Structure formats: C-alpha cells, structure tokens
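Scroll down for the structure; my scribbles are underneath it.
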Amino acid sequence: MAVIFWMMGLALLAQGFLCCLGDIEVGCKKWHPVNNDVYCDECHPGNRLVKDLGPNPQKLCTPCENGTYTLGTRARECHLCTQCVGALEHHNNCTPKSDTQCKCKKGLRCGDNQCSFCVDECAKGYEPNRLRSCTPCPKGTFNDQIHGKCKPLRTRCLDPNHIMSFKGNATSDIICEPLPPPPTLPVTRPVKPGDKTEQTWPMALFVIIGAFMMCLIIVIVLVSVQIHHKGKKEKTPRTLSTTPIIRTPTDDPRTLIAIECSFHEAQQERGDSTESLISKDPLEQETV
C-alpha cells in the first residue's frame, strides 16, 4: 500500500514538473549505442547536456532551470535570461529554449537583431549614423523610408517617352510623367454623293447673304444719286429776265448811277438806230 502511494506521489511530481516546463521535452533527442550504453548526439531544445554516455538517454540531458535558457543542442550550461532595462521594454517572456525578447520605446529602434540596444528612429530624409542618431541626407540623395539609407537621386527618366515633372528632394526621387500627346488635327469626313444637304446648305446661305448685300448696295447708290441731283438743282442760278426793271426813285447814289447808266444805254441804242435810218435815206431816194 505504501508503495502505491509513493508511485502516485512521484507521478504527480513528474506531471507538475512537465507542466512548469510547458512543451519542453526532457532528455536526449538523438543518440547512438556504445557497447552497453548510449552516446547523446543532441539534446532536446531547452535542455543542457549532463553527460555524454549512459545507459538511459532521458538522463543524459536536463531542462534549464527557471530564469535560464539555452540555444545549443549540446550546451553544458544554461544562460541567464536578459532583463529589459532603460530604453528597452519587455516584449516576450524568457523560456528554457529562448531568451527574453525586448523592444524599444516609441521613437526608437532596435540597434541589432537581438534588440540588445536602441537607436534613434530616423524619419524620411534622414539616415542612421554610427553614433546611434540620425543625419540629414546629403545633397543629391534622398530617403523615402523610415530609418532607411539615403540613395542617389536619378538625373533623368529611364523611359525616353517620359519627361521629368519633379526634380526630387531629400524625401522623394524624381517623378517622371508621359509626354503630352501631339495636337490632333480635325478629321474631315469625306462627303458622300448622297449628302446633298450638307453641300447645298452653306452655298445657299452664301447666295442669300450676297443677294442681300447687293440689294443694299443698289439702294444706297440710288439714294446717293437722288440726293446729288437734288442738291445740283438747288445750286443752279435762275435766268435773268430781259424785261427792263422799273425801279422807284430813290436817293441812293448807287441806284441813281445804275439808272443813269441804263438811260444812256437806251439813248445810245436809239441814236444808232437813227443814224442807220439817215444813212439809208439817200439810197432809198436814189432808188426812187
């Protein structure tokens, strides 16, 4: 009876130990026989090598104690788990087969693959340096990624059918765009023999406009001619009558001179006629 209780207690202890280890398998994973013993070639992950040779492979390796770990398959000792301090924050717990995983605080990045230290996280346009800080990209280079390296700016577009639309800066490379298409000439659709409406309509419009302009010009010419003749008639002087004008006596010297002149002219005409009669009389007398 006492033996039964002892076996049950041993089983409970073994189960508790395996629960603490989680998925860690205990003992030697690979071995080969040597005489009456076995030689351990490889321990299970999270186990350290206790001895190389023995009759029981499960006792050749033992799991690492709490707070320690090992990464090797034949390591004789387990290492203490890393503590996340300073700029490091705890990310994953330490296990017998893996060390503690730390991460850097916001604004910082891990300086190596194990994240054993932190560096400043460089923004676009900067690159990390050896002092664990950031340096602006030199002239002619750019960085368009967080915590990336600066790269040289391109000097031209790779595609000959593209042109540079942006020369680039510290955070962006040059930008190329396709060449604008050449201007297209208006396409004239060939006129078919049946399209009489499209042919006659512009011509009819031109004929109507031409006839209207011709009529307008004729009307303007006729009106101009009529106005010209009317003005000419008004400017033509009236013909003077040969009838003697009898004026009333006046004291105006100019009027008296005009009358006197007309009187002498009349008297002269009468004198001429008298002389002509006198000259004719002898002839008439001779004929008689």
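Residue numbers for the sequence shown, in mature numbering (1 follows the signal peptide of the UniProt record, and there is no 0): -16 to -1, 1 to 272. Heads up, the beta-carbon is just placed ideally off N, CA and C, and yes, glycines get one too. This structure is a prediction, so every number in the text was calculated from the model and none was measured.
Less than 8 Å between the CB atoms is what I'm expecting for residue i and residue j, so what's the real figure, rounded?
i: GLY51; j: LEU72; result: No, GLY51 and LEU72 are not in contact; Cβ-Cβ is about 18 Å, not under 8 Å.
i: ASP36; j: CYS24; result: 6 Å
i: PRO39; j: ASN20; result: 7 Å
Who does residue i pair with in a DSSP beta bridge?
i: ARG32; result: THR46
i: LYS87; result: GLU73
i: GLU26; result: LYS14
i: PHE150; result: ILE159
i: GLU111; result: THR119
i: CYS94; result: CYS102
i: LEU37; result: TYR23
i: LYS81; result: Answer by DSSP bridge pairing: none, since LYS81 is not bridged.
i: LEU64; result: THR52
i: PHE126; result: LYS135
Would you kindly check if the distance between the Cβ of residue j and the Cβ of residue i is under 7 Å?
i: PRO47; j: VAL103; result: no
i: GLU105; j: LEU115; result: no
i: CYS45; j: LEU33; result: yes
i: THR57; j: THR84; result: no
i: ASN127; j: GLU111; result: yes
i: THR155; j: GLY124; result: no
i: ILE8; j: PRO80; result: yes
i: HIS75; j: LYS87; result: yes
i: VAL69; j: PRO41; result: no
i: LEU189; j: ASP157; result: no
i: CYS134; j: CYS118; result: no
i: CYS78; j: TYR53; result: yes
- Taking 8 Å as the threshold, find out whether the segment 126 to 145 comes into contact with the segment 164 to 171 through three or more Cβ pairs. The segment 126 to 145 and the segment 164 to 171 do not touch, with fewer than 3 CB-CB distances between them shorter than 8 Å.
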